[in-house]
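Engineer: Residue numbers for the sequence shown follow my numbering, so the first one is 784 and each next one is one higher.
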Amino acid sequence: MDEKKQIAVIITATLLIGLFSIIIAGAFQSLPADFGGDLTAESYEVTWSEDGTLTEKYVYNVQSSGEYRMLYRVWAAPLTWSENPDEIQNSGYIELTGVRAPDGTVGYVKTKSGAVYIIGKDSQAKSFVTDKAYENEAGILNLNYFEPGKYEVEYTYNIYPPIEYDDEAVHVNLMFASEHIPYKNVKIVLESDDITEVFTHPPSYNIEKEDGRVVITGSSPEDEIIETEFLMNPEALQSLKGYKRQISGVKEKTESANDSYSIGFFLADILLLIGKILVILTPFLFVLLYLKSGREKKFTVPEYLSTIPNKKLTPWQVNLVFSKDAFESDENGFYATLLSLHKQKKLRMSEKPDKKGILIELLDPESPDRYEQNVLNFVSLYSGDDNILDTEYFESIAKSAKHSSADEHLALAVKENLQSLTSGSDQSISGKYATDGRGLLLPFIIGGIIYILLAVALFVFAEDAAGMIFIAIFLGIVMIVQAVVAMVFPSTVFGNWKEDYYKEKLEWDSFKNFLSDLSQIKKYSPDDINMWGEWLIYGTALGAGKNVEKAMKELNINISESGYFYPHYLWYAGFYSISTFTPPSQGGSGGGFGAGGGFGGGGAGGR
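Shown next, in the form of structure tokens:
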């Protein structure tokens, strides 16, 4: 595949990844909140009055039978019972004054102190509530379990929240829920003529101001905060019930806290938009990068080339520079070098009658070529006293290593030595021919990481915007994936070939095309044994050796007569078995300003 096709594949793949990621992000954003489950609140209505009374109406929706005996709401603030004045707190608290329970059920309350009061007649209810209920909990009880259906419950309270004030404003912050079942419909009514500003957390609620009251509506998925914060005229202070504290700058503190809260959502929205733009823009930035740094000069080279482009290069150098990536070699360079060393009479390779591996006899342990010398050293290291290496030895070691820890260590050592020959790079060789363009892709990965870190930092600042932030993190990961996809392709796609070496690269590609096409190589005479032997060596270096072997078998060509090794079966299986060895797995051991600062908390549930 030439570079133009490669860059086309990169652009297409990364653009599709970007488009699909935006579709996925949009789908997650548009997903309706999850209001399913065995127990939900069909509706939640709460009314707060300036005199401190609070009324809550829940419609619990039970979906399964035999599951729930208690439907409740628990508070994070201290809860007391109006018929026991001794429990009045010294700070903000909520006083339950009544529970209107459906027929067949009894109401109950378990106060901050752990005292239990039953509202109704049931001799067994008190011990059950004492055992099961949380502190600061009010609810209804049916010891025979609730049948599927809807149950309306009304709780009435006197609420005494912390109240901050100065000469210009009065501040109240009420949290109605923080940990709760899904509320499909939420309605909050604040009854007062003196309310001047209202803030909701989250800010997605609808706010309508009417005569003498403010109506807030929306919905709340499981465990989402439900909180309202408001400012009132200073004249309202006298009629308000609660624990009052004079501080300076009430209005400024309230607005500042809520501005910060809203900014968190705004920044999350902006970050998400930037992410969507970047995942689409990235493929086009790849195009610009290619045009600037990777585009090569044009050369005309035939589609098929039967002659070896440059015999001055050793097979391993051809494999390193011209096979796949100009900066990475693979196992074919090792196999081709063995074939070449056999031809040079430094090794003698022969097949075994049982076709289990091959024998490699070391004839000359010295070579002026550094890589060839490393191959000779490897053969010498694993040869017997007779200087013969039997590659079946590698297969046997790989098998026995699965049951022997000693052989496992030996197999891993052999694998490491072999991998140093079958994979690697040599900048001194590759750098002569090409420049590595993968480094130019690092800014894309770094940019993706920075984007993710910004999203994580924003999550710390604006936790309630988690949904949008998590989608942004997903888009940051997509940016990194796009860069990795581009990196998978040869390093010269975004780098370039020096001088006129790109022409030589194209010639080696044409030579490989020729060797990969049986119809082409069969056109040549089987009498030129040296030509076929060289084709096998350099074809192996380029990954086309099997095709040359197949053609020689079909044409009955025996190159061994001219000093080449002529394989009749998969001769390198022993090397493959040890190079792919994996050790057997081992067992292992196994009251404030802003969002979240409101008085109240808790929420509805069931057990």
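Glycine residues also receive a C-beta, built at the ideal position from the N, C-alpha and C atoms.
For Gly-897, which residues from the same chain have a beta carbon less than 7 Å from its beta carbon, with the 5 sequence-adjacent residues on both sides left out?
Structural biologist: Taking the sequence shown and counting its residues from 1, one reaches residue 897 at position 114. Around Gly-897: Glu-918.
Engineer: Under the three-state reduction of DSSP, which class applies to Val-751: helix, strand or coil?
Structural biologist: Examination of residue 751 is not possible in this model, given that the chain is present from 784 through 1390 alone.
Engineer: When DSSP labels each residue in this structure, what does Thr-1252 get in the three-state scheme?
Structural biologist: One-based indexing of the sequence shown puts residue 1252 at position 469. Position check: residue 1252 holds Ile in this sequence, whereas Thr was assumed. Note: Ile-1252 maps to helix in three-state DSSP.
Engineer: For Ile-1009, count neighbouring C-beta atoms within 10 Å of its own C-beta (all shown protein chains included) and say buried if the count is 16 or more, exposed if not.
Structural biologist: Sequence index remark: in the sequence shown, residue 1009 carries index 226 (1-based). With 16 or more other Cβ atoms within 10 Å, it is buried.
Engineer: Am I right that Trp-1099 and Gly-1077 are in contact with their C-beta atoms under 8 Å? What's the rounded C-beta distance?
Structural biologist: On the sequence shown, position 316 is the one that residue 1099 refers to. On the sequence shown, position 294 is the one that residue 1077 refers to. Rounded, the Cβ-Cβ distance is 26 Å, inconsistent with contact.
Engineer: Check the DSSP bridge columns for Lys-893 and list the partner residues they point to.
Structural biologist: Position 110 of the sequence shown, counting from 1, holds the residue named residue 893. Looking at the DSSP assignment, Lys-893 forms a beta bridge with Val-899, Glu-920.
Engineer: Threshold first: 3 residues or longer. Then list the beta strand (DSSP E) segments lying entirely within the region 1153 to 1185, N to C.
Structural biologist: Counting only runs of 3 or more, we get 1171 to 1173.
Engineer: Under the DSSP definition of a beta bridge, which residues are partnered with Val-1084?
Structural biologist: As a working mapping, residue 1084 is identified with position 301 in the sequence shown. None, per the DSSP bridge assignment.
Engineer: Assuming Ser-1213 contacts Phe-1110 (C-beta within less than 8 Å), just tell me the rounded distance between them.
Structural biologist: Here residue 1213 refers to the residue found at position 430 when the sequence shown is read from its first residue. Here residue 1110 refers to the residue found at position 327 when the sequence shown is read from its first residue. Indeed they touch by this definition, with Cβ atoms about 5 Å apart.
Engineer: Give the list of continuous alpha helix (DSSP H) stretches no shorter than 4 residues that lie fully inside the region 1303 to 1366.
Structural biologist: You should have 1312 to 1324, 1328 to 1338, 1356 to 1362.
Engineer: When you compare the CB positions of Leu-798 and Pro-1066, do they come within less than 8 Å of one another, or not?
Structural biologist: Residue mapping note: residue 798 aligns to position 15 of the sequence shown, counting from 1. Residue mapping note: residue 1066 aligns to position 283 of the sequence shown, counting from 1. Yes, these two residues count as a Cβ contact at 8 Å.
Engineer: Taking the C-alpha atoms as reference points, what is the distance between Tyr-1285 and Glu-1079?
Structural biologist: The sequence position of residue 1285 within the sequence shown is 502, counting from 1. The sequence position of residue 1079 within the sequence shown is 296, counting from 1. If you take the alpha carbons of Tyr-1285 and Glu-1079, they lie about 7 Å apart.
Engineer: Identify every run of the alpha helix (DSSP H) within the region 1088 to 1128, keeping only runs that are complete inside it and at least 4 residues long; order them along the chain.
Structural biologist: Counting only runs of 4 or more, we get 1098 to 1101, 1114 to 1126.
Engineer: Helix, strand or coil for Ala-1196 per DSSP?
Structural biologist: Residue numbering aside, residue 1196 sits at position 413 when the sequence shown is read from its first letter. Helix at Ala-1196.
Engineer: Around the C-beta of Phe-1082, are 16 or more other C-beta atoms found within 10 angstroms, so that it is buried, or is it exposed?
Structural biologist: As a working mapping, residue 1082 is identified with position 299 in the sequence shown. Result: exposed.
Engineer: Could you have a look at Ser-1031 and say whether DSSP puts it in helix, strand or coil?
Structural biologist: Residue 1031 sits at position 248 when you count from the first residue of the sequence shown. DSSP places Ser-1031 in coil when its eight states are reduced to three.
Engineer: For a test of the three-state rule: what should DSSP assign to Arg-1221, helix, strand or coil?
Structural biologist: For this step, residue 1221 is matched to residue 438 along the sequence shown. Of the three classes helix, strand and coil, the one that applies to Arg-1221 here is helix, per DSSP.
Engineer: Relative to the C-alpha of Val-1202, which candidate in Asp-1113, Ser-1022, Glu-991, Ala-1255 has its C-alpha closest?
Structural biologist: Along the sequence shown, read from residue 1 onward, the residue named residue 1202 stands at position 419. Position check: residue 1202 holds Gln in this sequence, whereas Val was assumed. For Gln-1202, the nearest C-alpha among the options comes from Asp-1113.
Engineer: Exposed or buried, what is Gln-1029 when buried is set at 16 or more other beta-carbons lying within 10 Å of its beta-carbon?
Structural biologist: The sequence position of residue 1029 within the sequence shown is 246, counting from 1. Classification of Gln-1029: exposed, given that the 10 Å Cβ count is below 16.
Engineer: When you compare only the Cα positions, how much space is there between Glu-825 and Leu-1071?
Structural biologist: Numbered from 1 along the sequence shown, position 42 holds the residue referred to as residue 825. Numbered from 1 along the sequence shown, position 288 holds the residue referred to as residue 1071. If you take the alpha carbons of Glu-825 and Leu-1071, they lie about 55 Å apart.
Engineer: Please report the distance separating the alpha-carbon of Ile-978 from that of Tyr-1026.
Structural biologist: In the sequence shown, residue 978 corresponds to position 195, counting from 1. In the sequence shown, residue 1026 corresponds to position 243, counting from 1. Rounded to whole angstroms, Ile-978 to Tyr-1026 spans 18 Å at the Cα level.
Engineer: With the cut-off set at 8 Å, would you say Met-1262 and Val-1062 are in Cβ contact?
Structural biologist: Stepping through the sequence shown from its first residue, residue 1262 is reached at position 479. Stepping through the sequence shown from its first residue, residue 1062 is reached at position 279. Against a cut-off of 8 Å, the Cβ pair of Val-1062 and Met-1262 comes out as a contact.
Engineer: Which partner residues of Thr-939 appear in the DSSP bridge assignment?
Structural biologist: Here residue 939 corresponds to residue number 156 of the sequence shown, with the count starting at 1. Thr-939 pairs with Thr-838, Gly-881.
Engineer: Secondary structure at Asn-927, three-state DSSP: helix, strand or coil?
Structural biologist: Looking up residue 927 in the sequence shown gives position 144. Coil, per DSSP.
Engineer: Grab me the residues of Val-1264's own chain with a C-beta within less than 8 Å of its C-beta, minus the 5 sequence neighbours each way, in chain order.
Structural biologist: Here the question's residue 1264 lines up with position 481 in the sequence shown. Here the set comprises Ile-800.
Engineer: Does the count of Cβ pairs from the region 1039 to 1053 and the region 996 to 1011 closer than 8 Å reach three?
Structural biologist: These segments do not touch.
Engineer: In the region 1012 to 1066, which residue ranges form an unbroken beta strand (DSSP E) of at least 3 residues, counting only runs that do not cross its ends?
Structural biologist: For the region 1012 to 1066, whole beta strand (DSSP E) runs of length 3 or above, ordered along the chain, are 1026 to 1029.
Engineer: Which partner residues does Trp-1280 have in the DSSP bridge list?
Structural biologist: If you number the sequence shown from 1, residue 1280 lands on position 497. Trp-1280 is bridged to Ala-1217.
Engineer: Return the residue from the list Phe-911, Ile-1232, Thr-939, Gly-890 that minimises the CA-CA distance to Gly-903.
Structural biologist: For this step, residue 903 is matched to residue 120 along the sequence shown. Of Phe-911, Ile-1232, Thr-939, Gly-890, the residue nearest in Cα terms is Gly-890.
Engineer: Using beta carbons (cut-off 8 Å, strictly below), is Gly-1316 in contact with chain D?
Structural biologist: Chain labels in this structure do not include chain D; a single protein chain is all it has.
Engineer: Taking the beta carbon of Tyr-928 as the centre, do at least 16 other beta carbons fall within 10 Å, making it buried, or is it exposed?
Structural biologist: Working through the sequence shown from its first residue, we reach residue 928 at position 145. Exposed.
Engineer: Kindly indicate which residue of Tyr-1073, Lys-1336, Lys-1059 has the alpha-carbon position closest to the one of Tyr-1234.
Structural biologist: Here residue 1234 is taken as the residue at index 451 of the sequence shown, counted from 1. It is Lys-1059.
Engineer: Within a Cβ cutoff of 7 Å, which residues of the same chain sit near Gly-1220, ignoring the five residues on either side of it in sequence?
Structural biologist: On the sequence shown, residue 1220 is found 437 positions in, with the first residue counted as 1. For Gly-1220, where only same-chain residues beyond five positions count, the Cβ hits under 7 Å are Ser-1076, Gly-1077, Ser-1274, Thr-1275, Val-1276, Phe-1277, Gly-1278.
Engineer: Hey, quick one: how far does the beta strand (DSSP E) through Phe-959 stretch, first residue to last?
Structural biologist: Residue 959 sits at position 176 when you count from the first residue of the sequence shown. Its beta strand (DSSP E) spans residues 953 to 960.
Engineer: What span of residues does the alpha helix (DSSP H) with Phe-982 cover, start to end?
Structural biologist: To locate residue 982, count along the sequence shown from 1; it is residue 199. Where Phe-982 is concerned, there is no enclosing alpha helix (DSSP H), although the beta strand (DSSP E) it sits in stretches over 978 to 984.
Engineer: Rounded to whole angstroms, what is the Cα-Cα separation between Val-1239 and Glu-962?
Structural biologist: Locating residue 1239 in the sequence shown gives position 456, where the first residue counts as 1. Locating residue 962 in the sequence shown gives position 179, where the first residue counts as 1. One C-alpha to the other measures close to 23 Å.
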